[in-house]
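Sequential numbering of the sequence shown, starting at 153, is according to my numbering. Ideal Cβ placement from N, Cα and C applies to all residues, glycine included. One structure is given below, encoded as structure tokens.
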Amino acid sequence: MTFVKRLLREPVFHFVLLGALLFAYYEWTGGGGPGSRRITVTPGLVQHLAAGFYRTWQRPPTPAELKGLVDDHVKEEIATREAMAMGLDRDDAVIRRRLRQKLEFLTEDEAAQNPPTEAELRAWLEAHPESFARDAQVSFRQVYLNPGQGGPGGKGEAKRLLSRLRASGEDVDTRKLGDWTLLPAEVPLSQLRDIARDFGEVFANALDTLATHTWTGPVTSSFGVHFVYIRERVPGVRPTLDEVRPLVEREVTSERRKKKLDDQYQELLKKYDVVIDFPREPESGSDSSNTGRAG
């Protein structure tokens, strides 16, 4: 059993398996390769064409319709082989991209065959705790002071305003206090990251340290200073694996596919001698039209 597991992890085994699958595909479809002059329509291919017709029209094809499907497949096979023989597939970005997608799809599909284990899921969640963590939430009221407008920005005025706010409690009419601002005076229960978008990160981070059910301040933001009344605070929560299992499975599978592709390309790269010639930069003071020969 250990030998089998080790064999399944070997990249060479995967390439041999991929070659076998491609060979089986050509045999099943009757394709003899781009240079072959033989086209064989196998029973399996006929069934495949009929099944595709049924999925589209919700009924089996008539004998005449099935013959038309087979004839169309033969025409497509002829056109494909002739086009490749003429080199029409070369230097075509669309075809090259499609071939790459098909090759990578085979590899990615193989990587996704076995679902992630419980240990893999837990390890990924432990390594990425911030990915699905629910941010702390705060609801509050605020009174804004703009020091640049000559308002009650001095320490004495700020202390008197804070004393007045604390004496009035939560239900004070903030419309008659502080300076005008587009910032909301009442903020419902919101995540700190959302509050940071309106008030700035410095202000949002400070909210997480303020006492609740009392006016506190001044609290600095990029706009000025604020007096804040925290109504409610909900601490951040780190979800359990069961709460986010489908999302973690998706991420683990995605990482597995990417690693599989990277490993495959690294292995295939060993078969090629890659030479990259970058154009030479023109020497300082020389004619800009004379870039030299790449070498």
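For this session: Would you give the residue range spanned by the alpha helix (DSSP H) that Ser283 belongs to?
Result: DSSP places Ser283 outside any alpha helix (DSSP H), giving it a letter other than H or E.
For this session: Sort out for me which residues DSSP pairs Phe379 with in a bridge.
Result: Paired residue(s): Val295.
Exercise. From which residue to which residue does the alpha helix (DSSP H) around Gly196 run?
Worked result: DSSP places Gly196 inside the alpha helix (DSSP H), whose first and last residues are 195-209.
Exercise. According to DSSP, which residues form a beta bridge with Gln289?
Worked result: Listed as beta-bridge partners of Gln289 by DSSP are Gln343, Val386.
Problem set entry | Nearest-angstrom beta carbon gap, Leu344 and Leu362 [assumed within contact, 8 Å] | Incorrect: roughly 12 Å between the Cβ atoms, too far for contact.
For this session: Below 6 Å CB to CB, which residues in the same chain sit around Val377 once its five sequence neighbours on both sides are set aside?
Result: So the list reads Leu297, Pro370, once near-sequence residues are dropped.
For this session: Output the distance between the C-alpha atoms of Leu413 and Ser406, rounded to the nearest integer angstrom.
Result: Leu413 and Ser406: Cα-Cα distance of roughly 11 Å.
For this session: Return the CA-CA distance between Gly339 and Trp276, expressed in angstroms with no decimal places.
Result: Rather than Gly, the amino acid found at residue 339 in this sequence is Val. Looking at the backbone, the Cα of Val339 and that of Trp276 are separated by about 35 Å.
Exercise. Exposed or buried, what is Tyr206 when buried is set at 16 or more other beta-carbons lying within 10 Å of its beta-carbon?
Worked result: Tyr206 is exposed by the Cβ-count criterion.
Exercise. How many whole angstroms separate the CB atoms of Ile191 and Val226, which I take to be in contact at a CB cut-off of 8 Å?
Worked result: Your pair Ile191 and Val226 checks out as a contact, with CB atoms roughly 6 Å apart and the cut at 8 Å.
For this session: Determine, using beta carbons only, whether Val295 and Leu273 come nearer to each other than 8 Å.
Result: No; because the gap between Cβ atoms is not below 8 Å, this pair is not in contact.
Exercise. Can you tell which of Phe355, Val426, Ile428 has its C-alpha closest to the C-alpha of Val290?
Worked result: If we check each option's Cα against that of Val290, Phe355 comes out closest.
Exercise. Would you call Tyr424 buried or exposed, if buried means 16 or more other Cβ atoms sit within 10 Å of its Cβ?
Worked result: Under this definition Tyr424 is an exposed residue.
Problem set entry | For Thr368, the residue or residues it bridges with in DSSP | In DSSP, Thr368 forms a bridge with Val380.
Exercise. How close, in whole Å, do the beta carbons of Leu313 and Leu329 come, if the pair is a contact with beta carbons under 8 Å?
Worked result: Indeed they touch by this definition, with Cβ atoms about 7 Å apart.
Exercise. If Pro387 and Ala288 are in contact, beta carbons under 8 Å, what's the gap, nearest whole angstrom?
Worked result: Sure, about 5 Å apart at Cβ, within 8 Å.
Exercise. Which residues does DSSP pair with Glu338 in a beta bridge?
Worked result: For Glu338, the pairing in a beta bridge is given by DSSP as Arg293.
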